[in-house]
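One structure below.
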Amino acid sequence: MTWHPLVWAFWVAAATGGLLYAAAALQATDVMLNWNPASADMDQLRRERRAETAVLLGRWSLGCLAAAALSGLVGIAAVWHRMVSGAMCGTGVLQAMGTNGSRAMIFWGVTLLILYAWRVLDGLDSHHPLGVLTRAGTRIMISAAPFFVLALLFSWQALMRVETVPAVSCCAAAYDRVLTGASETTAIRLIVPVCLWFSLAGSASLLVMAASAIRSPDRTSGATMAIVAFLWIIAAMVAVKQVWSAYYYQVLSHPCPWCLFLPDYYGMGFIIFGCMAAIAMESTALWLVNRARCRYPVLADPAGERIQRSAWRIVTAMIGFTMLTLGPAIAWRLRTGAWLDGSP
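Residues in the sequence shown are numbered consecutively from 2, following our numbering.
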């Protein structure tokens with residue numbers, strides 16, 4: 002599998018993005034340490050040029066790294082399981098990768114979230130001639146470095162491990178538990194309903210808060226919305242895995258979110274989890290912009306516009322997520338007269 006074209010595409014995008022990021026971070030270091038917008042000497046003019054160079058390189062780096070992460074996700078979810086003995090979906094691929102695969106995904110996600118936060122602040126900073134957010138933005142950009150290095154390290158270890166492991170069990174283990182009559186643990190039976198109802202309540206709360214941010218961006222509490230959004234994401238992931246996915250599979254006791262990414266289910270996993278990722282990114286952006294507006298009142302107008310844009314994106318993503326999760330369940334209920342678990 003290490004010779005698969007998608008693996009090469011992943012490494013080419015990651016290497017290109019990494020080189021661009023290293024160059025941008027090098028330029029940003031001097032800006033972070035010595036930025037002085039009140040000065041007009043040659044050193045400050047040189048730093049302004051370096052800041053502009055870092056912004057340009059950082060944007061290209063973010064695009065390349067996002068492409069690398071997406072190609073890796075596509076490989077795990079829908080392509081590489083064909084090269085892993087016993088794998089049926091991304092679950093088998095991650096089993097073959099061991100813990101390194103999950104770690105790589107976590108660090109890739111953190112890296113992209115940090116760089117997106119930098120991009121949000123950079124866009125807001127471009128509205129002020131003195132660059133009041135330049136130093137804060139460079140700090141955020143440079144802080145992504147250790148997470149990016151770990152993402153590359155675990156990605157390498159995960160991909161190198163795949164071809165040396167024996168056959169994996171993948172989803173066969175879940176089917177074996179169903180056939181043998183193994184029941185869910187008490188903890189799962191207690192957690193799933195709580196997460197289900199919290200995800201529904203959280204969806205309604207986020208829609209209300211986003212609508213309020215669109216109407217009155219000056220009164221938006223970015224921190225509250227970010228906290229609710231990330232708690233909702235945790236509950237929603239459990240609900241998708243344990244409840245909503247069953248209406249796509251049309252079978253109970255198969256809590257495998259990776260099967261949703263397969264062509265058999267029209268790749269709905271990409272859209273469902275993509276909506277969740279969009280909500281995570283935009284809620285983070287909303288919090289950062291609201292904090293920047295409080296510290297720098299001169300950015301109130303562009304910050305208000307950015308808050309409204311983030312709120313609209315959250316509303317759009319939440320509507321898409323709700324339609325793709327709750328929609329199939331309601332359609333099943335209307336068609337059969339009962340929910341999939343047999344309850345009326």
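In this text, a Cβ means the ideal position worked out from N, Cα and C, and glycines have one as well.
Using C-beta distances below 8 Å, list every residue in its chain close to PHE199, excluding the 5 sequence neighbours before and after it, in chain order. Here residue 199 refers to the residue found at position 198 when the sequence shown is read from its first residue. Here the set comprises LEU232, TRP233 and ALA236.
Out of ARG307, SER103 and GLY321, which one is the CA nearest neighbour of PRO218? Within the sequence shown, numbered from 1, the residue matching residue 218 stands at position 217. Just measuring C-alpha positions, the residue of ARG307, SER103 and GLY321 sitting nearest PRO218 is ARG307.
Taking the alpha helix (DSSP H) that LEU232 falls in, what are its first and last residues? Along the sequence shown, read from residue 1 onward, the residue named residue 232 stands at position 231. Where LEU232 is concerned, the enclosing alpha helix (DSSP H) stretches over 223 to 240.
Below 8 Å, can you find three or more Cβ-Cβ pairs linking the region 245 to 255 to the region 283 to 294? no
Endpoints, alpha helix (DSSP H) assigned at CYS65: Sequence index remark: in the sequence shown, residue 65 carries index 64 (1-based). Where CYS65 is concerned, the enclosing alpha helix (DSSP H) stretches over 43 to 75.
Would you mind working out which of GLY59, LEU125 and ALA214 sits nearest LEU300, comparing C-alpha positions? Here residue 300 refers to the residue found at position 299 of the sequence shown. It is LEU125.
Could you please give the first and the last residue of the uninterrupted alpha helix (DSSP H) stretch that includes VAL80? In the sequence shown, counting from the first residue as 1, residue 80 sits at position 79. No alpha helix (DSSP H) contains VAL80, which DSSP labels as neither H nor E.
At what residue ranges does the region 270 to 307 contain a whole run of the alpha helix (DSSP H), taking only runs of 4 or more? none
For LEU20, tell me which candidate among LEU153, GLY110, ALA230 and ALA224 has the shortest Cα-Cα distance. Walking along the sequence shown from the start, residue 20 turns up at place 19. Minimum Cα distance to LEU20 is reached at LEU153.
Mark ASN37 as exposed unless 16 or more other C-beta atoms lie within 10 angstroms of its C-beta, in which case mark it buried. Translated into the one-based positions of the sequence shown, residue 37 becomes position 36. Looking at its Cβ environment, which holds fewer than 16 other Cβ atoms inside 10 Å, ASN37 is exposed.
Counted within 10 angstroms of its Cβ, other Cβ atoms place TRP4 as buried (16 or more) or exposed: Here residue 4 refers to the residue found at position 3 of the sequence shown. Flag for TRP4 reads exposed.
Put ALA318 into one of helix, strand or coil per three-state DSSP. Looking up residue 318 in the sequence shown gives position 317. Helix at ALA318.
When LEU191, ILE215, MET226 and ARG162 are compared against GLN243, the one with the closest alpha-carbon: Residue 243 sits at position 242 when you count from the first residue of the sequence shown. Residue LEU191 is the option with its Cα nearest to GLN243.
Inter-stretch contact (C-beta, 8 Å, three-pair minimum) for the region 20 to 31 and the region 133 to 147: The region 20 to 31 vs the region 133 to 147: in contact.
Thinking C-alpha only, which one of ALA339, LEU335, ALA304 and ILE215 is nearest LEU134? Indexing the sequence shown from 1 puts residue 134 at position 133. The shortest Cα separation from LEU134 among ALA339, LEU335, ALA304 and ILE215 belongs to ALA304.
Going straight from the alpha carbon of SER184 to that of SER254, what length do you get? On the sequence shown, position 183 is the one that residue 184 refers to. On the sequence shown, position 253 is the one that residue 254 refers to. Caution applies to SER184, whose pLDDT of 48 falls short of 50 and renders its modelled position unreliable; the value that the coordinates give is listed next. Each residue's Cα considered, the two are about 9 Å apart.
CA-CA distance, LEU335 and MET324? Counting from one through the sequence shown, the residue named residue 335 turns up at place 334. Counting from one through the sequence shown, the residue named residue 324 turns up at place 323. Each residue's Cα considered, the two are about 15 Å apart.
When you compare only the Cα positions, how much space is there between TRP119 and ILE315? Your numbering for residue 119 matches position 118 in the sequence shown. Your numbering for residue 315 matches position 314 in the sequence shown. About 19 Å.
Could you pull out every residue in the same chain whose Cβ sits closer than 8 Å to the Cβ of VAL163, ignoring the five residues on either side in sequence? One-based indexing of the sequence shown puts residue 163 at position 162. Excluding positions up to five away in sequence, the list reads MET2, THR3, TRP81, MET84, VAL85, VAL94, ALA97 and MET98.
Among LEU197, VAL75 and ALA230, the one whose alpha carbon lies nearest that of ALA279: By one-based count along the sequence shown, residue 279 stands at place 278. Of the candidates LEU197, VAL75 and ALA230, the one whose C-alpha sits nearest the C-alpha of ALA279 is ALA230.
Grab the span of the alpha helix (DSSP H) containing GLN158 for me, first residue to last. On the sequence shown, residue 158 is found 157 positions in, with the first residue counted as 1. It spans 146 to 163 - the alpha helix (DSSP H) in which GLN158 sits, taken as one unbroken run.
Could you tell me whether any non-hydrogen atom of the ligand SAM is closer than 8 Å to the CB of ALA88? Ligands in the displayed structure: none, and consequently the ligand SAM is not present.
Residue from VAL290, SER156 and LEU122 whose Cα sits closest to the Cα of THR100: Reading the sequence shown from its first residue, position 99 is the one you call residue 100. For the residues VAL290, SER156 and LEU122, the minimum Cα distance to THR100 belongs to SER156.
When the Cα atoms are used, what is the spatial distance from PRO264 to ALA79? Here residue 264 refers to the residue found at position 263 of the sequence shown. Here residue 79 refers to the residue found at position 78 of the sequence shown. PRO264 and ALA79: Cα-Cα distance of roughly 8 Å.
Cβ atoms of LEU58 and THR112: under 9 Å apart, would you say? Translated into positions along the sequence shown, residue 112 becomes position 111. Translated into positions along the sequence shown, residue 58 becomes position 57. No, these two residues do not count as a Cβ contact at 9 Å.
Applying the criterion that 16 or more other CB atoms from any shown protein chain within 10 Å of the CB defines a buried residue, is ALA202 buried or exposed? Residue 202 sits at position 201 when you count from the first residue of the sequence shown. Within 10 angstroms of the beta-carbon of ALA202 lie fewer than 16 other beta-carbons, which makes it exposed.
So what does DSSP say about SER344, is it helix, strand or coil? Taking the first residue of the sequence shown as position 1, residue 344 is located at position 343. In the structure shown, the three-state DSSP call for SER344 is coil.
Just curious, the alpha helix (DSSP H) that PRO6 is in, first and last residue? Numbered from 1 along the sequence shown, position 5 holds the residue referred to as residue 6. Note, PRO6: alpha helix (DSSP H), 6 to 35.
Option nearest LEU63 by Cα separation, candidates ALA25, ALA39 and GLU49: As a working mapping, residue 63 is identified with position 62 in the sequence shown. Ranking ALA25, ALA39 and GLU49 by Cα distance to LEU63 puts ALA25 first.
Hey, how far is the Cα of ASP44 from the Cα of SER72? On the sequence shown, position 43 is the one that residue 44 refers to. On the sequence shown, position 71 is the one that residue 72 refers to. In a straight line, the C-alpha of ASP44 is about 41 Å away from that of SER72.
Is it buried or exposed, ARG136, if we count other Cβ atoms within 10 angstroms and call 16 or more buried? As a first step, residue 136 is located in the sequence shown; it is residue number 135 there, counting from the start. Under this definition ARG136 is a buried residue.
Under 7 Å Cβ to Cβ from ALA168, same chain only, skipping five residues before and after it: list those, please. Here residue 168 refers to the residue found at position 167 when the sequence shown is read from its first residue. For ALA168, where only same-chain residues beyond five positions count, the Cβ hits under 7 Å are SER86 and GLY87.
C-beta contact flag for ALA373 and GLY18 at 9 Å: Given that the chain is displayed from residue 2 to residue 345, the structure contains no residue 373 and the question cannot be resolved.
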